[in-house]
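With mature numbering (1 follows the signal peptide of the UniProt record, and there is no 0) applied, the sequence shown covers -16 to -1, 1 to 329.
Cβ coordinates follow ideal geometry from the N, Cα and C atoms, glycine included.
From a predicted model like this one, the values you see are computed outputs, not experimental measurements.
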Amino acid sequence: MKVSIIFITLFAYISATTLKCQFTKNTVFSYVCEIRKVELIDVADEFIVEHDDHQKDKSDSDVKMVSFIDSTINVVPNQIFSIFPNLDILDLVNTRIKKWNRDNLKSAKHLRRIWLAYNQIEELFDNSFIGATGLENLLLDNNKISKIGDKTFNGLSQVKSLEFQNNFIKTLSEKLLAPLKKLKELNLSENKISHFDENAFHNNGRLEFLNLASNNITVLPEKLFHSQLDLTILYLHNNQITKLSPELFADCSALMELRLDHNRILEIPLGMFTNNQMFKLLNIMHNDIDKFNGKVLPEEMELLYLDESVETENIMATLEIIRGEKKVSSLWTQPDKVVEYSAAE
């Protein structure tokens, strides 16, 4: 396996820090530059790569992914994006990042995916990803983010997937997600969210998957999902919701799966799913529901998950009711094949 030497000059030192870029191939990410065991806290502008050690018939233009492994990174040398002009993925997972520099991606206009999961980031400022105008996939899960500027995602009009689970944000403002107009998958589970602006998802009309599970939600504004015409899967389980507005899902005409289990809901209002003619799966286990009226469901409904103690009436003959702690089907992970998750999750 051939090795290319990368030189980065640090502000605090006269001599250059030498990084070994190990070029590897794999079936998923094609041609990858792996950099191991480095510490980049303050990086100067100079960034030089030797070009002689690529694998056979490969060059800088073939590198699709740069991955920092077992490293500490706070500043990304912007020259990396000119050295590898077709760079698709920047992997900074578990690189001990504490503070994200808003200039890190100022030259990353061709980058499509950045992975920042499992770090120690506590705050994101306005324009945190400025320059990465082609970004489609952003992983920020499993950090310590509690503060986030309303303009953090400015310029990210192409993002389709945002993973933000297991952080510490408490509110969703109207402006935060507004730039993400092409967003299809959004995971905000395992945060501390207790408050939404009514128009928090107003500009995210292409959402297909939304996970708000395991937060501190007690109230959902009536118009919160009024722009979600394409929403297929919605997870709201493991919250503190007590009441649902009859109009809450009125505009979600594509809704197929809804998890409301592990809340404090007293009843499902009649007429709630009148406009949800594609609805297939509803989980309302572990709530405070005593009696369930089947008239609330559309005729197309297939699976209903209920506690064993809940009384039922007007249940369609074609509806399958599953009670107790059993495996629960999900339509999302593989849309062409029903998969299962634990009912206790």
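Could you compute how far the alpha carbon of residue i sits from the alpha carbon of residue j?
i	j	result
residue 46	residue 37	13 Å
residue 341	residue 98	Past the edges of the chain, shown from -16 to 329, lies residue 341, and the structure says nothing about it.
residue 182	residue 207	6 Å
residue 205	residue 190	20 Å
residue 302	residue 308	20 Å
residue 228	residue 235	15 Å
residue 212	residue 23	43 Å
residue 174	residue 129	12 Å
residue 121	residue 296	43 Å
residue 177	residue 225	12 Å
residue 10	residue 163	34 Å
residue 137	residue 84	13 Å
residue 109	residue 160	11 Å
residue 223	residue 195	12 Å
residue 288	residue 264	8 Å
residue 135	residue 147	17 Å
residue 269	residue 96	39 Å
residue 304	residue 266	11 Å
residue 273	residue 79	46 Å
Since residue i and residue j should fall inside the 8 Å C-beta cutoff, what is the C-beta to C-beta distance between them, to a whole number of angstroms?
i	j	result
residue 58	residue 82	7 Å
residue 19	residue 65	Not quite, the Cβ-Cβ distance comes to about 15 Å (not below 8 Å), so this is no contact.
residue 90	residue 107	Not really, about 19 Å apart at Cβ, beyond 8 Å.
residue 209	residue 185	7 Å
residue 216	residue 240	5 Å
Would you call residue i buried or exposed, if buried means 16 or more other Cβ atoms sit within 10 Å of its Cβ?
i	result
residue 92	buried
residue 3	buried
residue 29	A caution first: residue 29 carries a pLDDT of 44, below 50, which makes its placement in the model too unreliable to give a value.
residue 50	buried
residue 197	buried
residue 25	exposed
residue 293	exposed
residue 115	buried
residue 192	buried
residue 149	buried
residue 188	buried
Give a yes or no on whether 8 Å exceeds the smallest Cβ distance from residue i to chain D.
i	result
residue 227	Checking the listed chains, one finds no chain D in this structure; it contains a single protein chain.
The beta strand (DSSP E) spanning residue i covers which residue range?
i	result
residue 19	14 to 20
residue 277	275 to 277
residue 243	241 to 243
residue 169	169 to 171
residue 259	Premise fails: residue 259 is in no beta strand (DSSP E) and is neither H nor E.
residue 307	304 to 307
residue 267	265 to 267
residue 283	Premise fails: residue 283 is in no beta strand (DSSP E) and is neither H nor E.
residue 160	Neither: residue 160 is in no beta strand (DSSP E) and is coded neither H nor E.
residue 297	295 to 297
Could you please give the first and the last residue of the uninterrupted alpha helix (DSSP H) stretch that includes residue i?
i	result
residue 65	64 to 67
Going residue by residue through the stretch 53 to 121, where are the continuous beta strand (DSSP E) segments of at least 3 residues, counting only ones entirely within it?
Segments of the beta strand (DSSP E) lying fully in the stretch 53 to 121: 73 to 75, 97 to 99.
List in chain order: all unbroken beta strand (DSSP E) runs of 3+ residues lying wholly within the stretch 171 to 233.
When DSSP assignments are scanned along the stretch 171 to 233, the uninterrupted stretches of beta strand (DSSP E) that are 3 or more residues long and fall wholly within it turn out to be 193 to 195, 217 to 219.
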